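Step one of this worksheet: look at the structure below.
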Amino acid sequence: MKPKLLGMSLLQLQEVAADLSLPKYAAGQMADWLYAKGIREISGMTNLSISARKALEERFRIGHTPYSEKFTSSDGTKKYVFPTSIEGRYIETVMIPEYEGNEGTEKSRATICISSQVGCRMNCSFCMTGRSGYYGQLTAAEIISQFMNIDETQELTNAVFMGMGEPLDNWDEVSKALRILTSDWGFGWSPRRITLSTIGVLPTLKNFLDDSRCHLAVSLHNPFDEERSAMMPVQRAFKIEDVISLIRRYDFTGQRRVSFEYIMFSGVNDTKRHADALIKMLFGLECRINLIRFHEIPDSSLRSSPRSRIDDFKARLNNAGIITTLRASRGEDIMAACGLLAGKER
Ligand code: SF4
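If you're matching positions, the sequence shown starts at -19 in our numbering and goes up one per residue.
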């Protein structure tokens, strides 16, 4: 298989241009065709000479991956299934529409939830992706291809890296994809339209905070060391206290935002003791907390906290001055909601 042009940075395209003895500006033209114009065939790069297109075609392909299946939820959420370069393994990508008024009226937002790995090796006990195992990394091309190959690509207003996988466990490829999304030679999106979600992989979290201006969401889920370790093995390697100390060194008082995701598990992390520890842990940090109802998964004794306990927890945090919301659950009927993506073998 020829290598893909999709997923290449401007610098890489300049190297391609140099190798083929094309002028340097041809790299900018290729980037424009690849990303802004979304062309599917090298022959369509009509401002490159015929001989340049031929030379490119001999060595490269564009490299889009169309989806193989699509599911639509009763709430309008869509789940797309994409094949990957790993034989027999699939990833899932979700598009979440939000409407000004009732469903069926004009969309006010359309958010794509992007996968960054084929499975995940972080083993969080409450997550179907973690349960399904780890099969490999996605390339920048496969990440960008999700963005460019859903039916709503032209309508997208926001992107979140909250699909399958831990994006900071694939930083090389995810950082390339972020650069393509936010550079003028790529899609030219403002980093304020993009959120990366992590469970707190410290070394690459620092890279993300230094190299990007995108928003950050941290999956916190429990403020106590022992309890968090039991749910999220990452805590044994990178403590959430250290993650928060690092975050405190960056400025989140302006346009860039940090939020903390907190799935509510009945009798596990939903007591006053947990709320008070959270308040203490996040004291003075400009942030918000998103509470999430737990979506039950097979063979697990974990249950979602009842609504009244979620409301009490939320009120306690809000009263302490931390803006706290309960995130609406979307796409549950098509297994597209938080924690339910599995990318089953098909
Ligand atoms: S919650 Fe995120 S990091 Fe944890 S297993 Fe699932 S996909 Fe991986």
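Note that CB positions come from ideal geometry on N, CA and C, so glycine has one too.
These numbers were taken from a predicted model, which means no experiment stands behind them.
Between methionine -12 and glutamine 9, the C-beta spacing is not below 9 Å. In this structure, the CA atom of alanine 7 is about 25 Å from the CA atom of arginine 193.
Glutamate 153 places its beta carbon 9 Å or farther from that of threonine 64. Leucine -7 is classed as buried because its beta carbon has at least 16 other beta carbons within 10 Å across all chains shown. Setting aside the 5 residues that flank it on each side, glycine 18 is surrounded in the same chain by Met128, each with a C-beta closer than 7 Å to its C-beta; the list follows chain order.
Judged by the Cβ position, asparagine 103 qualifies as a neighbour of the ligand SF4 at the 8 Å threshold, a heavy atom of the ligand being closer than this. Taken through DSSP and simplified to helix, strand or coil, histidine 195 comes out as strand. Restricted to the region 102 to 170, the beta strand (DSSP E) segments that are unbroken, complete and at least 3 residues in length are 114 to 117, 138 to 141, listed in chain order. Short note on valine 223: C-beta not closer than 8 Å to any heavy atom of the ligand SF4. Between glycine 180 and valine 238, the beta carbon gap of about 12 Å keeps them out of contact (Cβ cut-off 8 Å). Taking a cut-off of 8 Å for Cβ pairs, the region 56 to 74 and the region -7 to 3 do not touch, as fewer than three such pairs fall below it. Aspartate 256 has its alpha-carbon roughly 53 Å from the corresponding atom of tryptophan 13. The three-state secondary structure of glycine -13, taken from DSSP, is coil.
By the 16-neighbour rule on beta-carbons within 10 angstroms, leucine -9 is exposed. Minimum Cα-Cα distance from tyrosine 242 among the listed residues Leu200, Phe188, Asp231 corresponds to Leu200.
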